[in-house]
Amino acid sequence: GAVVSQHPSWVICKSGTSVKIECRSLDFQATTMFWYRQFPKQSLMLMATSNEGSKATYEQGVEKDKFLINHASLTLSTLTVTSAHPEDSSFYICSARDLLKTSTDTQYFGPGTRLTVL
Amino acid sequence: GQQVMQIPQYQHVQEGEDFTTYCNSSTTLSNIQWYKQRPGGHPVFLIQLVKSGEVKKQKRLTFQFGEAKKNSSLHITATQTTDVGTYFCAGRIDGGTSYGKLTFGQGTILTVHP
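For the record, the sequence lines run as chains Y and R. Positions in the first sequence are counted from 1; adding 19 to them yields my numbering. Positions in the second sequence are counted from 1; adding 12 to them yields my numbering.
Shown next as structure tokens:
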């Protein structure tokens with residue numbers, strides 16, 4: 020149980036284009052999903068918290084107009100990197116909390132999306 | 013700002029040796045979690061500690077939560093090559109919002125030489 024999928028697993032795009040990454044909880048519902056960015060051999064940097072039915076909460080320093088987040092249902096959140104540039108190249112990972120497990124802060128992580136911007 | 017520090021950054025051991033990684037927070041944590049990320053993979057939840065002084069074991073892994081709920085450790089006895097990966101602690105800062113935002117430590121990269 021507690022499986023989170025991400026699509027695509029990797030993407031290569033040209034500078035200036037937009038890329039959408041999907042995060043799905045497959046066997047549970049998640050009112051809250053999190054988007055992280057991870058550089059090689061570094062920790063996970065929280066970008067934003069995605070809340071179903073409301074606006075995302077962005078961490079300090081993260082441009083909300085560049086990283087658009089939509090949490091349209093209890094099982095799907097999307098991250099759109101708009102007008103991507105080479106410095107946006109990174110590993111993007113989402114995680115989700117199980118709606119029914121309110122006593123724990125356990126996050127279930129997706130497999131990640133490797134974005135390369137040329 | 014609120015930080016969770018983790019040491020060491022790297023640890024190289026011979027198979028069979030023990031391994032410990034430490035996590036320290038500048039503020040009291042509501043709980044702490046440990047995750048393992050294999051090379052090329054994504055973080056996988058290992059355990060959550062909630063109570064002051066709590067100790068939990070999973071086979072060769074022992075997890076501790078400090079009395080002040082500001083530090084934690086993960087100890088692996090007799091490491092195996094399958095233990096290779098990065099171990100992250102992640103804490104929820106006391107007084108955090110209800111949506112369970114976690115602050116991750118920098119991670120400890122463990123390599124095990126056969």
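Even for Gly, the Cβ is constructed at its ideal location relative to N, Cα and C.
Residue i - containing beta strand (DSSP E), residue span
{"i": "R/H24", "result": "22–26"}
{"i": "R/L122", "result": "120–125"}
{"i": "Y/R43", "result": "38–44"}
{"i": "Y/A91", "result": "86–92"}
{"i": "R/A80", "result": "Counting along the chain, R/A80 falls outside any beta strand (DSSP E), and DSSP gives it neither H nor E."}
{"i": "R/Q134", "result": "Outside the displayed range of chain R (13 to 126) lies residue 134 of chain R, so it cannot be described from this structure."}
{"i": "R/F31", "result": "31–37"}
{"i": "Y/V100", "result": "95–100"}
{"i": "Y/S69", "result": "63–70"}
Presumed contact (8 Å Cβ cut-off) between residue i and residue j, rounded CB distance
{"i": "R/H87", "j": "R/T40", "result": "The Cβ separation is near 22 Å, so there is no contact."}
{"i": "Y/T97", "j": "Y/N89", "result": "5 Å"}
{"i": "Y/V30", "j": "Y/T94", "result": "The Cβ separation is near 22 Å, so there is no contact."}
{"i": "R/K124", "j": "R/Q92", "result": "Here residue 124 of chain R turns out to be Val, not Lys, going by the sequence shown. Rounded, the Cβ-Cβ distance is 7 Å, consistent with contact."}
Bridge partners - residue i, DSSP secondary structure assignment
{"i": "Y/L134", "result": "Y/V30, Y/S109"}
{"i": "Y/A115", "result": "Y/M52, Y/Y127"}
{"i": "R/T98", "result": "R/Q49, R/I121"}
{"i": "R/K68", "result": "R/F75"}
{"i": "R/F57", "result": "R/Y47"}
{"i": "R/F116", "result": "R/A102"}
{"i": "R/H87", "result": "R/T32, R/T74"}
{"i": "Y/T76", "result": "Y/T68"}
{"i": "R/Q92", "result": "Answer by DSSP bridge pairing: none, since R/Q92 is not bridged."}
{"i": "Y/V23", "result": "Y/S44"}
Residue i to residue j span [Cα, whole Å]
{"i": "R/R104", "j": "Y/S69", "result": "17 Å"}
{"i": "R/Q49", "j": "Y/P130", "result": "10 Å"}
{"i": "Y/A91", "j": "Y/L45", "result": "15 Å"}
{"i": "Y/L63", "j": "R/G117", "result": "8 Å"}
{"i": "R/F57", "j": "Y/I40", "result": "22 Å"}
{"i": "R/V96", "j": "Y/Q25", "result": "24 Å"}
{"i": "R/S110", "j": "Y/Q126", "result": "With a pLDDT of 49 at R/S110, under the threshold of 50, the modelled position of this residue cannot be trusted; read the value that follows with caution. Looking at the two C-alpha atoms, the distance is approximately 14 Å."}
{"i": "R/T74", "j": "R/Q23", "result": "17 Å"}
{"i": "R/N43", "j": "R/G53", "result": "25 Å"}
{"i": "Y/E71", "j": "Y/D117", "result": "13 Å"}
{"i": "Y/K33", "j": "R/G28", "result": "47 Å"}
{"i": "R/S37", "j": "Y/I112", "result": "24 Å"}
{"i": "Y/S28", "j": "R/R72", "result": "32 Å"}
{"i": "Y/A49", "j": "Y/L119", "result": "8 Å"}
{"i": "R/M17", "j": "Y/L65", "result": "16 Å"}
{"i": "Y/E82", "j": "Y/T76", "result": "11 Å"}
{"i": "Y/F110", "j": "Y/S37", "result": "16 Å"}
Chain R within 7 Å of residue i, Cβ atoms only
{"i": "Y/P59", "result": "no"}
{"i": "Y/I112", "result": "yes"}
{"i": "Y/P145", "result": "Outside the shown range of chain Y (20 to 137) lies residue 145 of chain Y, about which nothing can therefore be said."}
{"i": "Y/S13", "result": "Residue 13 of chain Y is absent from the structure shown; chain Y starts at 20 and stops at 137."}
{"i": "Y/T123", "result": "yes"}
Any chain Y beta carbon closer than 7 Å to residue i
{"i": "R/Q118", "result": "yes"}
{"i": "R/H24", "result": "no"}
{"i": "R/H54", "result": "yes"}
{"i": "R/F31", "result": "no"}
{"i": "R/Q60", "result": "yes"}
{"i": "R/R72", "result": "no"}
{"i": "R/R104", "result": "yes"}
The ligand FMN heavy atom lying under 6 Å from the CB of residue i
{"i": "R/T123", "result": "Judged by which ligands are present, the structure shown has none, so any question about the ligand FMN falls away."}
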